[in-house]
Amino acid sequence: MHITLLCVGRLKERYWERAQAEYIKRLRAHTRLDVVEVAEEPFPPDITAAAAAAVMEREGERLLRRLHGRDCVLALDREGTMLSSPELADMLAGLALDGKSSLAFITGGSLGLAPRVTEAAHLRLSFSRLTFPHQLMRIILLEQIYRAFKINRHEPYHR
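Laid out in structure tokens, this is it:
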């Protein structure tokens with residue numbers, strides 16, 4: 001299985017970079033993983049709703065250009081389906097059994113994802129009804145993917 005994390009923005013703090021590097025290293029034993037970053041669109045703190053929608057559209061265009069036709073697209077969205085860690089593990093195992101060998105997880109920027117990005121997804125996933133900074137969400141996603149592989153291999157990490 002090949003997994004791509006398609007993310008808006010880059011990790012700005014060294015501690016996020018170290019956390020990402022650690023999970024990428026751990027995941028090498030289980031899957032091929034690529035992290036692809038697209039540019040985050042700048043915007044003012046007092047952005048209007050219309051301007052925010054335009055920013056998300058520009059970021060969304062950058063994300064959609066990076067998808068491949070073979071990708072099973074999973075968008076992170078607060079309004080998406082919530083799964084437990086074992087359910088996420090089951091879903092990943094099921095996708096592999098269904099021949100989905102290329103997964104693309106999409107995380108948005110500070111404003112979220114454009115509607116056309118979530119509409120292009122095969123599945124929208126929610127990790128919580130809470131809002132997380134997009135840099136932290138990337139690390140949480142990596143950890144949960146790693147946890148899913150450990151669960152599927154019946155290894156003790158997930159306890």
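Under the UniProt record's numbering, the letters of the sequence shown match residues 1 to 159, in that order. The beta-carbon is built from N, C-alpha and C at its ideal position, and this holds for glycine as well.
Three or more beta-carbon pairs separated by less than 8 Å are not found between the segment 139-146 and the segment 60-69, which leaves the two stretches without contact.
For residue 89, the uninterrupted alpha helix (DSSP H) segment begins and ends at 85-97.
In the three-state DSSP reduction, residue 121 falls in the coil class, being neither helix nor strand. Around the beta carbon of residue 60, 16 or more other beta carbons sit within 10 angstroms, so the residue counts as buried. It is roughly 9 Å from the alpha-carbon of residue 84 to the alpha-carbon of residue 127. Sequence-distant partners of residue 137 (beyond 5 residues in either direction) whose C-beta falls short of 6 Å from its own C-beta, in its chain, are 107. One Cα belongs to residue 35, the other to residue 7, and the distance between them is close to 7 Å. Segment contact: the segment 102-118 against the segment 73-89, three or more CB-CB distances shorter than 8 Å; contact assigned. For residue 37, the secondary structure class from DSSP, reduced to helix, strand or coil, is strand.
Comparing C-alpha distances from residue 112 to each of 22, 17, 56 and 103 shows the shortest one belongs to 56. Within the model, the alpha-carbon separation for residue 82 versus residue 125 is close to 6 Å. Residue 97 is classed as exposed because its beta carbon has fewer than 16 other beta carbons within 10 Å across all chains shown. Listed as beta-bridge partners of residue 74 by DSSP are 105 and 123. Taken through DSSP and simplified to helix, strand or coil, residue 154 comes out as coil.
Assignment of residue 5 by DSSP, reduced to helix, strand and coil, places it in the strand class. For residue 57, the enclosing alpha helix (DSSP H) starts and ends at 49-65.
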